[in-house]
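Participant: Quick one: the structure is below, and I'll ask about it shortly.
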Amino acid sequence: MRKTLVFLLLLLTAGWRSAENSNDLLLSYCSQFRELYENIANASISPDSASRAFTHIMQGVKSIAFYQDSCQFDTIQAVFPVKGYRPVVSIGGQGRGYKPDGFDLFDVEVKGSHPAHDLFILDRNRDSRDDRTKEPVDILSFSSGIILDVQNDWQPESGRRGGNYVWIYDPCRNGLFYYAHFNSVVVEQGSWINPGDKLGEVGRTGLNATRKRSDTHLHLMFLRMNTQGLPVPENTFEQLMSSRVTAK
Ligand SMILES: [Zn+2]
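If you use my numbering, the sequence shown corresponds to residues 19 to 266, in order.
If you want it as structure tokens, here you go:
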């Protein structure tokens, strides 16, 4: 009896230890992802090296995500990311804003594509608040996943386009979600989120989003990993249209 107890105790401690280790490992992959994304944005890494580093990091993240209870939430339960808004009024141009041609995550020099949907809020006076409620609007996670990278201190002088952003790895879809132009972000690198969890608030950060002519919106991109582990844009229009709308 005592032997069994000791054995069980040992087993539990080993479990805790490996959970601790995998968390450290995950955080290390998150910071590698951050560094890589910075290097791509500054064009201080070649597209080839960037793509090699990317596949290495994502393989690591994927192997850790496997241990999480990752696919308990079906894609059916996806939540429309702009709280209190219906897809039909929020999605820009009824989905025609999605233009994936020429996109390359690893090459900042390539311009002109928009492999994303812009999800708008009602904000005529450009104060990042809903005109009807006068309140900030929450950005909710569309799916479940791991927060890979967060930017929450964007400065206009940086000239960076995404402003304050969140990158999420979704193991069920084996892809990355990129949410941009937040006013503020409330999640941290390495944490696990579920559909409908608050990521932050809609804002106007980012080179173009901050300009007067831009309507306040959330930029949402999804990149699915192909068989080589490389990110390919995928149109989420239908999934967004059928996602769950939350109350204000
Ligand atoms: Zn956009």
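The C-beta atom is built at its ideal place from N, Cα and C for all residues, glycine as well.
Since the model is a prediction, treat every value here as computed from it, not as a measurement.
So isoleucine 82 is in the alpha helix (DSSP H); what residue range does that whole segment cover?
Facilitator: Note, isoleucine 82: alpha helix (DSSP H), 65-83.
Participant: Could you give the residue range of the beta strand (DSSP E) that holds glutamate 219?
Facilitator: That run of the beta strand (DSSP E) goes 216-220.
Participant: Keeping to the same chain, check which residues put their C-beta closer than 6 Å to that of phenylalanine 255; ignore five residues upstream and five downstream.
Facilitator: Within the same chain, phenylalanine 255 has close Cβ partners Gly113.
Participant: Are there 16 or more other CB atoms within 10 angstroms of the CB of proline 174, so buried, or fewer, so exposed?
Facilitator: Flag for proline 174 reads exposed.
Participant: Three or more C-beta pairs under 8 Å: does that hold for the region 206-226 against the region 159-168?
Facilitator: Yes: the two stretches touch, three or more of their Cβ pairs being nearer than 8 Å.
Participant: If you reduce the DSSP assignment to three classes, tell me which class alanine 59 lands in.
Facilitator: If DSSP states are grouped into helix, strand and coil, alanine 59 belongs with the helices.
Participant: Assign proline 154 to one of three DSSP states: helix, strand, or coil.
Facilitator: Residue state, collapsed to three classes: strand.
Participant: I need the DSSP call for asparagine 182, collapsed to helix, strand or coil.
Facilitator: Of the three classes helix, strand and coil, the one that applies to asparagine 182 here is strand, per DSSP.
Participant: Report the rounded CA-to-CA distance for aspartate 119 versus asparagine 253, giving the unit in angstroms.
Facilitator: Computed Cα separation, rounded: 12 Å.
Participant: Considering only their Cβ atoms, is the gap separating asparagine 182 from glycine 221 smaller than 8 Å?
Facilitator: In contact: glycine 221 and asparagine 182 (Cβ atoms closer than 8 Å).
Participant: In whole angstroms, what separates the C-alpha of arginine 242 from that of glutamine 77?
Facilitator: The alpha-carbon atoms of arginine 242 and glutamine 77 are separated by roughly 13 Å.
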